[in-house]
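Residue numbers (my numbering): 424 to 780.
For every residue, glycine included, the Cβ atom is placed at its ideal position computed from N, Cα and C.
This report refers to the structure that appears directly beneath it.
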Amino acid sequence: MDTPDDRVASPAAATPAAALVALAVYLAVAATLLQSALFGDDVVSPGAYFAQSGPFPVALRQQVPEGINLLSDRVNQFMPWLRYAADSYAIDGHLPLWKSLASCGAPFVGNGQSALFFPTNLLAILIGAPPWVHAAQSLIKLAAGAFCAYLLARHLRLSFLAALLAGLVFGFGGFQAVFLQHPHTNVSLLLPLLLLAADRAVLSPTRGRIACLALVAGLQHLGGHAETAAHSQLAAAALGLLRAWSLRRAPPGTTSTLAAPLGRRLAALAGGLLLGAALGAIQILPQLEYISESDTLDLRTRLADELAATAQPLAPRLLFLAALALALLCVRHLARGRRPLGLAVAAAVLLAAVALG
């Protein structure tokens, strides 16, 4: 008879056939959304404002659809950077470490958001960054993010249809859609996979699972948005700590791997994340050096000191802590509750706690 820990460590596995069906669904949905760019003459770009105001004929400006000028950093930075890297590689066969066209020049790898070493960007550079590559990258982001969420949901023992829905909600949800062409989503699409890898490493701390966690964490560091990587990995660490603490006393009959001591589980979690940082050092170290030379760092340090010296009201802090505690209690009840009425009340209180927070 399986113990509870055995059932967690050996979930209703996502069979290869079911996983392929889910991936095909996500690819089909993404391709449908992007069909005019993948198979037609449209371009995936929030560049309406530039096309409408730039040095172009009136006839061309009038062809630009309205309402696609959200988050124009893609036009100002990310697409030109990719073009610059591809052209530099085509000329001398090297990835550019320095961008000479920015004022008196500036670090290129060190700015972080160029994300030269992230797999989809690196491949785009190597093949010359043709125009269709932007639509292809968007397709991969949407489908891959959804598929990662599907795998996490199956790991958590959701049914195939529930996991399929979870993937659709995450992969095609607000954050992934709004920041689709920003480096943020290079990182965030891997969040479900990071949580899955962290949980598996804690449940059964083997070398293979630690290596998987390190690989996903390292890819996040290469994604081009250090803040999102930090948020994701702090969340994975917190959830891993909770999982390890819940397994500190293994029930009788538990397999030797699942009966690992608390210290070993925590070492697997920390080791995987630290190895991931080592894998991402090729991106992290240049960015840290660039930040250390920034005037903005000194400015923000002074502003932080001024804010710390200013008395802040205590009531909002206490309210936030109360809302957080209430939300955690509701989540705990939802995870254990079986009565529909109790679940509905807990869900309503959780919503109120989130609003209060």
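Three-state class that DSSP yields for residue i in the structure shown
i	result
A734	coil
A683	coil
A525	coil
P530	strand
E650	helix
R484	helix
H781	The question about residue 781 has no answer here: the residues shown for the chain are numbered 424 through 780.
S433	Confidence in S433 is poor, its pLDDT being 42 and thus under 50, which makes the residue's placement unreliable; the coordinate value appears in the next sentence. Residue state, collapsed to three classes: coil.
Alpha-carbon spacing of residue i relative to residue j, whole angstroms
i	j	result
N534	A453	30 Å
A738	L744	10 Å
Y512	F598	32 Å
A600	S459	17 Å
G528	K522	6 Å
L626	T733	45 Å
V448	R666	32 Å
Q735	A748	21 Å
L443	L591	15 Å
L742	A776	10 Å
L524	D496	17 Å
Q710	G694	23 Å
A778	Q656	25 Å
A770	G596	21 Å
G765	Q560	44 Å
Exposure of residue i, with buried meaning 16 or more beta-carbon neighbours within 10 Å
i	result
R740	exposed
V754	exposed
D622	buried
L557	The sequence given here places His at residue 557; Leu does not occur at that position. Flag for H557 reads buried.
C571	buried
H517	exposed
F540	buried
N398	The chain is shown from 424 up to 780; residue 398 falls before or after that span and cannot be answered.
T455	exposed
Q486	exposed
R688	buried
F479	exposed
P628	buried
A552	buried
Cβ contact (3+ pairs, closer than 8 Å) linking the segment 662-673 and the segment 726-733: no
Three or more beta-carbon pairs under 8 Å between the segment 609-617 and the segment 640-650, yes or no? yes
Taking three-plus beta-carbon pairs below 8 Å as touching, is the segment 698-706 in contact with the segment 631-638? yes
Report yes or no: do the segment 581-596 and the segment 469-481 share at least 3 C-beta pairs separated by less than 8 Å? no
Contiguous alpha helix (DSSP H) assignments of at least 4 residues, all confined to the segment 603-635: 607-611, 614-626
Can at least three beta-carbon pairs, one atom from the segment 714-721 and one from the segment 656-663, be found at a separation below 8 Å? no
Please list the segments of the alpha helix (DSSP H) lying wholly inside the segment 529-568, counting only runs of 4 or more residues, in order along the chain. 542-549
Taking the runs of the alpha helix (DSSP H) that are 4 residues or longer, which of them lie wholly in the segment 702-771? 704-715, 718-732, 738-759
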